[in-house]
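Using the working numbering, the first residue of the sequence shown is number 10, and each one after it goes up by one. Glycine included, each C-beta is placed from N, C-alpha and C at the ideal position. Given the structure is predicted, the values throughout are model-derived calculations rather than measurements.
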Amino acid sequence: MLTSELIRPRLRHSETTLSVEMVDPEDPKLQQTAQELIDILHKHVGCTQEALEKAFALYEGARVDYVFLRGLAKVLMDGATFTPRATPLPPASIREQAFAYGPVFKQPDVFSPRNREQVLTELAQTLAIEPGQFDSMLFADRNAFYLLTDAGPAWTPASLLARYNLELARGVLYWASHITIEAFSNYKDLWHFIKFFQLMFWAEALPEGGYRIELDGPISPFVASTLRYGRQMAAFLPALLLCDQWRLRASVHPPQARQELRYHLDYTSELRSHFKASGPFDSRLEADFAHDFEQKIGQKRKHWRLERESEVLLLGDTVMIPDFTFIDEQDETRRILVELVGFWHPTYLRRKIEKVKAAQCKHLLLLVYKGLNVTEEDFQETESEVLFFQQKPVLKDVMELVEAMAERVYGPRPAQTRKRKRK
């Protein structure tokens with residue numbers, strides 16, 4: 010991620026709002042610069058990090074757009090892989106034995122009769138190291154001497170410039186005290202990354218659908234480790250871009266501002282995420298269930314529509330996202346949530362049961378594999394319905410229970426009157 014000195018020069022603010030001066034990924038001149046930096050990166054595969062940094066600095070020269078150039082170079086280096094050299098002994102041990110000889114110089118004198126080359130040659134023989142390799146091994150554990158072994162993503166000029174814009178946008182969140190997110194899709198990926206980056210949140214459902222998520226920012230008084238949390242908050246932003254529709258409002262206090270400012274982003278921005286979205290299904294069991302419904306049940310019971318992970322159960326400091334939702338197309342307030350419990354890991358199963366008990370959701374149906382080490386007694390403290398299956402859920406039984414649950418929770422379905430045809 011970009012450092013503060015690479016972000017601040019591109020910030021623009023009025024009395025109350027903050028914006029970021031981004032670049033045009035389709036600008037031919039900027040693309041030429043980006044391509045030249047990409048070429049430098051690829052030419053230095055197998056070289057040290059120090060050599061690559063010097064090459065970038067040489068390219069920069071006396072150009073006045075050095076903030077932009079250094080930002081692109083930082084993005085390239087962050088995406089690359091640098092590997093320490095293999096040494097017969099730990100570099101720290103080699104340095105310890107070398108420094109034991111005391112100070113030496115290029116030319117010997119009265120107080121140092123041996124020069125540096127003589128000392129290194131003697132030490133190389135003692136350690137059975139080739140004299141020519143000694144210098145490279147002496148500080149092999151320092152980042153500057155790491156070797157560039159992988160140039161990283163298959164960068165194009167446009168993708169590099171787009172990523173630079175994303176790094177600028179996420180860098181603003183370093184100075185956020187509070188962030189409000191409104192999301193309307195892709196909840197699973199969004200909550201996955203909120204938990205993965207250990208962000209503190211509070212959430213509520215929106216009347217028009219979707220969810221509002223309140224996040225404490227890095228400079229919030231409730232955050233202890235500001236630097237670490239700031240990096241996690243900034244790292245989270247690409248996950249929000251996986252949603253089809255979203256809005257972000259942040260209260261920020263950048264160094265150059267005298268007061269708190271408002272920072273806004275939404276799904277209409279041209280920012281692109283480099284995070285990979287999860288697949289449509291987590292398991293073969295879920296994929297088969299959806300396929301079987303469409304093939305066997307969907308045509309017979311047209312008033313039920315099956316949606317994938319479209320609702321979230323808010324459980325304090327965590328959430329539960331049921332696998333499917335049955336929605337009555339004649340009355341969309343009638344909804345039955347379905348969770349497939351077919352994973353065998355004991356820790357996963359224990360957490361799943363804890364979430365079900367915490368949810369106390371009357372319109373949640375659990376389809377549980379009989380091979381698991383659970384019984385109906387494990388679900389006695391929950392208001393959800395449980396249906397066990399042997400190999401895969403029997404859709405006839407599932408739909409009968411869905412109908413019964415809907416009637417119990419929402420009452421009988423209103424009778425559908427047919428219109429008389431005029432003679």
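Supposed close pair residue i, residue j - CB separation, criterion 8 Å
i	j	result
D225	H187	7 Å
Y220	A192	6 Å
L20	V32	At roughly 14 Å, the Cβ-Cβ gap does not stay under 8 Å, so L20 and V32 are not in contact.
V347	L322	About 12 Å; that fails the 8 Å criterion.
D297	K401	6 Å
L156	F91	7 Å
F143	L129	5 Å
A447	L46	The chain is shown from 10 up to 432; residue 447 falls before or after that span and cannot be answered.
T189	E223	6 Å
L374	S393	7 Å
F245	L208	6 Å
The alpha helix (DSSP H) enclosing residue i, as first and last residue numbers
i	result
H51	37–52
T135	125–136
Y419	404–419
I16	13–16
R151	Here R151 belongs to no alpha helix (DSSP H), and DSSP marks it neither H nor E.
D198	196–205
Residues of its chain near residue i, where Cβ-Cβ distance is below 7 Å and the 5 sequence neighbours each way are ignored
i	result
A149	P93, R94, T96, P100
L280	N174, L175, A178, L250
L404	D301, F302, K305, I306
W184	I228, V261, H262, P263
F284	P247, A248, L251
R104	L147
A243	M10, R179, G180, L182, Y183
L294	L349, G351, K401
K432	With a pLDDT of only 47 at K432, under 50, the local geometry of the prediction cannot be trusted, and no value is derived from it.
T25	L270, R271
S194	C252, D253, Q254
E385	V395
D74	none
A171	P34, R281
A43	L81, P166, L169, L170
Residue i: first and last residue of the uninterrupted beta strand (DSSP E) it sits in
i	result
M329	327–329
H300	Unbroken run through H300 is the alpha helix (DSSP H), 293–301; no beta strand (DSSP E).
W164	Element bounds for W164: n/a, residue is neither H nor E.
H187	185–192
S28	26–29
V261	255–261
V350	344–350
Spatially closest choice to residue i from the options, by CA coordinates
i	options	result
R271	K371, Q44, S23, F154	S23
G288	E341, R317, P166, K115	R317
T277	L257, A133, F388, E69	L257
M408	I345, G380, H201, P34	I345
H354	N382, F333, L215	N382
R267	L27, I16, P122, C370	L27
E412	R359, F397, R314, S13	R314
G380	K364, E386, F397, C370	F397
F210	D326, P216, L39	D326
E14	A259, D36, L78, D387	L78
Y378	Q207, Q389, L358, L324	L358
D159	V54, V76, A133	V54
E438	Y110, A368, H372, R125	Look at the range of the chain in this structure, 10 to 432, and you will see that residue 438 is not part of it.
P216	A133, K197, G70, T342	T342
Other residues of its chain near residue i: CB distance less than 6 Å, five sequence neighbours each side excluded
i	result
G88	G161, P162
T426	Reliability fails at T426, whose pLDDT of 49 lies under 50, so the model's placement of it is uncertain and the value that follows must be treated cautiously. Answer for T426: no residue qualifies.
K428	Because the pLDDT of K428 is 49, which lies under 50, any placement of that residue in the model is unreliable, and the question is left without a value.
P18	V76
F388	V395
Contact test: residue i Cβ vs the ligand COA heavy atom, cutoff 7 Å
i	result
Y155	In terms of ligand content, the structure shown is empty, and the ligand COA therefore cannot be addressed.
Other residues of its chain near residue i: CB distance less than 8 Å, five sequence neighbours each side excluded
i	result
H201	A248, S287
Quiz prompt | Touching by the beta-carbon criterion (3+ pairs, under 8 Å), the stretch 408–421 and the stretch 337–353 | solution = Between the stretch 408–421 and the stretch 337–353, the count of C-beta pairs closer than 8 Å reaches three or more; the two stretches touch.
Exercise. May I ask you to verify whether the stretch 148–162 touches the stretch 45–60, counting CB pairs closer than 8 Å and requiring at least 3?
Key: With a cut-off of 8 Å on Cβ pairs, the stretch 148–162 is in contact with the stretch 45–60, counting three or more such pairs.
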